[in-house]
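Structure, as C-alpha cells:
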Amino acid sequence: MEVNTVPTNILLQWHITERCNLRCSHCYQDNYQRNELDFSSLLNILEQFKQLLDFFSQGKRIKAHITVTGGEPFVRSDFIDLLKILASHKKLFSFAILTNGAFIDNSTAKLLHTLDPAFVQVSIEGTQATHDSIRGKGNFIKTVAAIKQLRNNKIRTMISFTAHRKNFREFKDVAKLGQKLHVNKVWSDRLIPWGNGAKEQVMSQAETKEFFEIMSQAKNRITWFNHTEIAMQRALQFLVAGGRPYQCTAGNNLLTVQANGDLYPCRRLPIKIGNLTEHNLLELYNTSDILQKLRQHTISDGCQQCHFAKVCRGGLRCLSYAVSGDPFKADPGCWLKNDNI
4 MEVNTVPTNI LLQWHITERC NLRCSHCYQD NYQRNELDFS SLLNILEQFK
54 QLLDFFSQGK RIKAHITVTG GEPFVRSDFI DLLKILASHK KLFSFAILTN
104 GAFIDNSTAK LLHTLDPAFV QVSIEGTQAT HDSIRGKGNF IKTVAAIKQL
154 RNNKIRTMIS FTAHRKNFRE FKDVAKLGQK LHVNKVWSDR LIPWGNGAKE
204 QVMSQAETKE FFEIMSQAKN RITWFNHTEI AMQRALQFLV AGGRPYQCTA
254 GNNLLTVQAN GDLYPCRRLP IKIGNLTEHN LLELYNTSDI LQKLRQHTIS
304 DGCQQCHFAK VCRGGLRCLS YAVSGDPFKA DPGCWLKNDN I
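In the working numbering, the protein residues as written are 4 to 344.
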C-alpha cells in the first residue's frame, strides 16, 4: 500500500528518553527505565527523518519540525550534542524542546540561545499548590525560575497546561502568570487518561465546554500591549473561540518516535506502527495500515450529522482511543455529538 497524500509540512515528536526526575500524577508514561537508544542510533533516526523529508519534498521545500522531549530530555548527557546537530540542519527543519524546566539555569539558557530553538515549552498545571500536588513539592518555583531564565535570554517560551476535572478552572491563573512572565504563548489540551485511576479525571461534556469558556475569557482579557498569546487551536476549542476547526493530523503530518525506537502516530495515540531500529521510517509511513486509515478523511462515529463533521472529523482521536479503545469514535468531550442531541 502506498501513501495516498503527501503533506506539505511534517512534525516529528521525538522522545529520546523515558528517564525523568519527576513523577507527575497525570503522566501517561508508565515506564521510566525502558531501553533508550544510544547516540549513534539517534543519528540513524535523524537520517531516516531526512529521507522522509526528501521523499515528501519532490524538489519543493517542505516545512518540517522536530520537537525533542522525554521523559526529561536534559537527563541525557548527550542531549546538548544532539541539539547542536539539529541546529546545524536549520535549512531542512526547525526544532524545539519540551522540558519540565528543572535543569534550566542561566548557563543552560545562554547555551540554548546560541542554538536558537523555535521554542522551549514547560508545563504549569494551575496555582502553586495544585501544580506542586501534580508535579512535586517545590517544582512550581523551579519552573517559574526556568521560564525567567529562558525569557531573560530571549528564547521563545511557551506554557502548556494539561486540563482535567481537578484543575481546569485554574487555567485563568496560568494565563495570568504567563502574561506576568511575558511568555510567548499559553495553550492547553485535555488530559489523555492513561494510567491507574486516570479516567476519573476526564472532564464531562459540560466541564469541557466550561473549560473552553474559561480559556476564551482569558484570551479576551489580553490587551494590545501584552504580547502573550492565549491559544485556542486544539480539538473542539473552535466551538467556543471560533476560527478554523482543529483536525487531528496524527499519522499524516504528525509522527512520534519513542525512546526505544518505536513509531507511533502520536504519543497520546500509543498504537505501535513498528520500530525504527528494525524498519525504515519511510517504509513504515508508506505501508502501515493504521497510518493509512488515519490519513483518510474518516468522520468519527457519532459525528456524521454534525455541521462541522467534514472539517473537525471527530475531535481528539487520542482521547476517544483512551476512553473507548477506538480512535474513530466521537470525542467524549463533545457536547454536539449524536448521542447528546
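Cβ coordinates follow ideal geometry from the N, Cα and C atoms, glycine included. From a predicted model like this one, the values you see are computed outputs, not experimental measurements.
Query                                                                                                                                                                          : Result
Tell me the DSSP secondary structure of PHE215 in three-state form.                                                                                                            : helix
Measuring alpha carbon to alpha carbon, tell me which of ASN187, GLU281, LEU194, ALA112 ends up nearest LEU272.                                                                : LEU194
Can you give me the Cβ contacts of LYS145 inside the same chain, cut-off strictly under 7 Å, excluding the 5 residues immediately before and after it?                         : GLY104, ALA105
Roughly how many angstroms lie between the CA atoms of GLN51 and LEU284, to the nearest whole one?                                                                             : 6 Å
Secondary structure at LEU184, three-state DSSP: helix, strand or coil?                                                                                                        : coil
Figure out for me which residue from GLN182, THR111, LEU86, GLU128 has the closest Cα to the Cα of ALA121.                                                                     : LEU86
If you reduce the DSSP assignment to three classes, tell me which class VAL71 lands in.                                                                                        : strand
First and last residue of the alpha helix (DSSP H) that includes ALA112?                                                                                                       : 109-118
On the premise that ARG320 lies in contact with ALA234, defined as a C-beta separation below 8 Å, what is that separation, rounded to the nearest angstrom?                    : Going by Cβ atoms, the distance from ALA234 to ARG320 rounds to 20 Å, so no, they are not a contact pair.
Tell me, please, whether the stretch 307-320 touches the stretch 244-253 by the rule of three or more beta-carbon pairs shorter than 8 Å.                                      : yes
Which of helix, strand or coil does DSSP assign to GLU281?                                                                                                                     : coil
Report the rounded CA-to-CA distance for MET218 versus LEU15, giving the unit in angstroms.                                                                                    : 27 Å
Quick one: what's MET235 bridged to in DSSP?                                                                                                                                   : Answer is none; MET235 lacks a bridge partner.
In or out: SER207 buried (at least 16 other Cβ within 10 Å) or exposed?                                                                                                        : exposed
Tell me which residues share the same chain as GLN131 and place their Cβ nearer than 8 Å to its Cβ, disregarding the 5 neighbours each side in the sequence.                   : PHE143, ILE144
Indicate the three-state DSSP secondary structure (helix, strand or coil) for THR252 in the structure shown.                                                                   : coil
If you compare alpha carbons, which of VAL9, ALA67, ASP41, PRO10 is closest to LYS53?                                                                                          : ALA67
Sorted by chain position, which residues of the same chain lie with C-beta nearer than 6 Å to ARG224's C-beta, five sequence neighbours on each side aside?                    : none
Identify every residue that forms a DSSP beta bridge with MET161.                                                                                                              : GLN124, LYS188
What separation, rounded to the nearest whole angstrom, lies between the Cα atoms of THR133 and ASN170?                                                                        : 7 Å
Compare the Cα-Cα distances from ASN256 to each of PHE42, GLU75, PRO268 and report the closest residue.                                                                        : PRO268
From this set, LEU95, PHE82, ASP84, which residue's C-alpha is nearest GLY62's C-alpha?                                                                                        : LEU95
Leaving aside the five residues before and after GLY139 along the sequence, list all residues of the same chain whose C-beta is less than 8 Å from its C-beta, in chain order. : LEU25, ARG26, CYS27
Alpha carbon to alpha carbon, what distance is there between LYS179 and ASN278?                                                                                                : 42 Å
Could you name the residues that DSSP lists as bridge partners for LYS66?                                                                                                      : ASN12
Decide if LYS93 is buried, meaning its Cβ has at least 16 other Cβ atoms within 10 Å, or exposed.                                                                              : exposed
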